[in-house]
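Asks: No gaps in the numbering here: position 153 of the sequence shown is 153 in the working numbering, and each next residue is one more.
Beta carbons: idealized from backbone N, C-alpha and C, even for Gly.
Pasting a structure here, questions to come.
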Amino acid sequence: MKQALTDLQARDLQHVWHPCSQMKDYEQFPPIVIKSGEGVWLYDENGNRYLDAVSSWWVNLFGHANKRISQALSEQAFTLEHVIFANFTHEPAVKVAEKLVALTPPGLNKVFFADNGSASIEVALKMSFQYHMQTGKTQKKRFLALTDAYHGETLGALSVGGVDLYNEVYQPLLLDTVRAQGPDCFRCPFQDKPDSCQAQCIHYIEKELEAHHEGITAIIIEPLIQAAAGMKMYPALYLKKLRELCTSYDVHLIADEVAVGFGRTGTLFACEQAGISPDFMCLSKGLTGGYLPLSVVLTTDEIYDAFYDEYGTMKAFLHSHSYTGNTLACRVALEVLTMFEEEDYIELVQQKGDVMRKLAIEAFSHLPYVGEYRQIGLVGAIELVADLLSKEPLPGEERIGYQIYQRALAKGLLIRPLGNILYFMPPYVISEEEMRFMIETTRQTIETFFAEREEKVCSSDQQHSLL
Ligand SMILES: Cc1ncc(COP(=O)(O)O)c(C=O)c1O
Numbered sequence: 001m002k003q004a005l006t007d008l009q010a011r012d013l014q015h016v017w018h019p020c021s022q023m024k025d026y027e028q029f030p031p032i033v034i035k036s037g038e039g040v041w042l043y044d045e046n047g048n049r050y051l052d053a054v055s056s057w058w059v060n061l062f063g064h065a066n067k068r069i070s071q072a073l074s075e076q077a078f079t080l081e082h083v084i085f086a087n088f089t090h091e092p093a094v095k096v097a098e099k100l101v102a103l104t105p106p107g108l109n110k111v112f113f114a115d116n117g118s119a120s121i122e123v124a125l126k127m128s129f130q131y132h133m134q135t136g137k138t139q140k141k142r143f144l145a146l147t148d149a150y151h152g153e154t155l156g157a158l159s160v161g162g163v164d165l166y167n168e169v170y171q172p173l174l175l176d177t178v179r180a181q182g183p184d185c186f187r188c189p190f191q192d193k194p195d196s197c198q199a200q201c202i203h204y205i206e207k208e209l210e211a212h213h214e215g216i217t218a219i220i221i222e223p224l225i226q227a228a229a230g231m232k233m234y235p236a237l238y239l240k241k242l243r244e245l246c247t248s249y250d251v252h253l254i255a256d257e258v259a260v261g262f263g264r265t266g267t268l269f270a271c272e273q274a275g276i277s278p279d280f281m282c283l284s285k286g287l288t289g290g291y292l293p294l295s296v297v298l299t300t301d302e303i304y305d306a307f308y309d310e311y312g313t314m315k316a317f318l319h320s321h322s323y324t325g326n327t328l329a330c331r332v333a334l335e336v337l338t339m340f341e342e343e344d345y346i347e348l349v350q351q352k353g354d355v356m357r358k359l360a361i362e363a364f365s366h367l368p369y370v371g372e373y374r375q376i377g378l379v380g381a382i383e384l385v386a387d388l389l390s391k392e393p394l395p396g397e398e399r400i401g402y403q404i405y406q407r408a409l410a411k412g413l414l415i416r417p418l419g420n421i422l423y424f425m426p427p428y429v430i431s432e433e434e435m436r437f438m439i440e441t442t443r444q445t446i447e448t449f450f451a452e453r454e455e456k457v458c459s460s461d462q463q464h465s466l467l
């Protein structure tokens, strides 16, 4: 049944084309008009509230309308909003660069600013390629990427992505990328368990490197969690082995920490858990605590030096975005980084992660159709399956995740699933009581959804037997 639209909903549907959406779905399920936010909560125009368990696409760290960040942003807006970043600079950008160099793994000394996650991927891919062109390794023209990888939606980023849903239609436009099977701990081909495994599946990358390393410029990876593929988590040992392979085959390692950076996995950066330094690190999302688009690519002196020469050699990295190093976004990032310095948010994520794990295991481990509950830091995921033993996926066309999402929203919870994988990635300020609400609402929604689904199947079976 169609709902009556509010004025803003109707006007939105007149002109706005929403991201990652089949707009026809909005006929039955119009966009929710959010008027304000506070902490983990979003408030709509009718006064309903929703717990933002996905941190508004994984960006928010310290809650909506955070007073400290809003204050810093507001003061900056009355001083300087933006300035061309070629030949000009400003204090917030310099301070952000200094802090990031100090906080990220050793060796990452240079910071290139861009304005969103996908743009940072483009920068890292282009830098790696150009580095090799300028250091005499002109045969290195391809990237190696993993199945189920996600690095954004621009064409370069899609070329190294491996989620068919986003890539397939654009295949004819994409770069010729070498693909290796990625880790899959839930359906491990070696029947290993993540806590004891020796990351045997690194062998898939090794095989491709053996065959193609001379032509490969870089490997790109999402450290510890392949997020968009369904919060697929894998052990740090895999990353450690990957770093060794990259070094021995003379291939750059690009760590895409756009989703996992800034404490999500229980350490400030996921690479720390493997004790590795990549050649490039891409950061965005949490960098501004969910306030403004901004991204950076950190890299080494060695790579920077390959671009550093007289102008006439044409070795410069001639890449720019109009909003590169935007002053407002940098000022916000500076506040976020200062907050990390002043308060132990990493400890907080670990503590809250422990509470979330305990509550989630109690709630989900005996539910039908829950194949697995997995978690790292403050990222938890429930993989729904058709059969617990075989782990057979539920039929995609039923859009079960989407139906559960709608039902949870009606109860005041925003969990936007990835297919049939439901996940929690709440802002770090979530309280224990709010976590209980998030998990209990999810549990009830899953339970009632599948009970009704089974009832429908039974009644349609009965009708068939009567015919
Ligand atoms: C790992 C990863 N890389 C890159 C991106 C792209 O970032 P953006 O959406 O800001 O372009 C995303 C977005 O979700 C991501 O999860």
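(1) Measuring CA to CA, which of S36, V332, L287 and E81 is closest to H64?
(2) Got a sec? Which residues, its chain only, sit under 6 Å from P417 by beta carbon, not counting five neighbours each side?
(3) May I ask you to verify whether the segment 69 to 84 touches the segment 294 to 312, counting CB pairs closer than 8 Å and requiring at least 3?
(4) Would the segment 224 to 232 and the segment 347 to 362 be scored as touching if the rule is three or more Cβ pairs under 8 Å?
(5) Is the number of C-beta pairs between the segment 311 to 330 and the segment 76 to 86 that are closer than 8 Å three or more?
(6) Can you give, in chain order, each stretch of the beta strand (DSSP E) that sits fully within the segment 333 to 385 and has at least 3 residues?
(7) From which residue to which residue does the alpha helix (DSSP H) around A524 run?
(8) Leaving out five residues before and five after I32 in sequence, what residues of the same chain have Cβ atoms less than 7 Å from its Cβ?
(9) For the pair the segment 434 to 445 and the segment 411 to 426, tell me if three or more CB-CB distances fall below 8 Å.
(10) Spatial neighbours of V111 within its chain, please: CB distance less than 6 Å, with the 5 preceding and 5 following residues excluded, ordered by chain position.
(11) From the DSSP output, read off the bridge partner residues of C282.
(12) Using only the alpha-carbon positions, how far apart do A468 and T442 sit?
(13) For L173, which residues from the same chain have a beta carbon less than 7 Å from its beta carbon, with the 5 sequence-adjacent residues on both sides left out?
(14) Beta carbon of V385, beta carbon of I69: below 8 Å?
(15) When you measure from the CB of Y43 to every non-hydrogen atom of ligand 1, does any distance come out below 7 Å?
(16) Alpha carbon to alpha carbon, what distance is there between I219 and A114?
(17) Going by Cα to Cα distance, which pick from V59, Y170 and C201 is closest to C185?
(18) Return yes when at least one heavy atom of ligand 1 lies under 7 Å from the C-beta of W58, else no.
(19) What is the DSSP secondary structure of D12, counted as helix, strand or coil?
(20) Is the CB-CB distance between E447 and L367 below 8 Å?
(21) With a cut-off of 8 Å, does the C-beta of H64 fall near any C-beta of chain B?
(22) Distance, Cα to Cα, L158 vs G286?
(23) For the segment 312 to 326 against the segment 122 to 139, are there 3 or more C-beta pairs whose distance is under 8 Å?
(24) Compute the Euclidean distance between the alpha carbons of K193 and D148, then round it to the nearest angstrom.
(25) Starting from V40, follow the alpha helix (DSSP H) in both directions and report where the run begins and ends.
(26) Exposed or buried, which one is Y323 when buried takes at least 16 other CB atoms within 10 Å?
(27) Kindly indicate the opening and closing residues of the beta strand (DSSP E) around F143.
(28) What is the DSSP secondary structure of A306, counted as helix, strand or coil?
(29) From F307 to N66, what distance separates their C-alpha atoms?
(30) What did DSSP end up calling Y428 once you bin it into helix, strand or coil?
(31) Could you check where the beta strand (DSSP E) with R49 kicks off and where it finishes?
(32) What are the start and end residues of the alpha helix (DSSP H) that includes I202?
(33) Note down, in chain order, each residue of its chain lying with its Cβ closer than 7 Å to the Cβ of V163, except the 5 sequence neighbours on either side.
(34) Is E222 near ligand 1, with its Cβ less than 7 Å from a heavy atom?
(35) Under the rule that 16 or more other beta-carbon atoms within 10 Å means buried, what is P427, buried or exposed?
Replies: So, to answer that:
(1) S36
(2) G401 and Y405
(3) no
(4) no
(5) yes
(6) 370 to 376 and 379 to 384
(7) No answer is possible for residue 524: it lies beyond the span of the chain, which begins at 1 and ends at 467.
(8) D44
(9) yes
(10) A97, L100, V296 and L298
(11) D256 and V297
(12) Given a span of 1 to 467 for the chain in the structure shown, any question on residue 468 remains unanswerable.
(13) L155
(14) no
(15) no
(16) 21 Å
(17) C201
(18) yes
(19) helix
(20) yes
(21) Judged by its chain identifiers, the structure shown contains no chain B, having just a single protein chain.
(22) 22 Å
(23) yes
(24) 20 Å
(25) Taken as a continuous stretch (DSSP letters only), V40 belongs to no alpha helix (DSSP H), as it is neither H nor E.
(26) buried
(27) R142 to L146
(28) coil
(29) 40 Å
(30) coil
(31) R49 to D52
(32) Looking at the DSSP string, I202 is not in any alpha helix (DSSP H), and its letter there is neither H nor E.
(33) D148, Y150, A228 and A229
(34) yes
(35) buried
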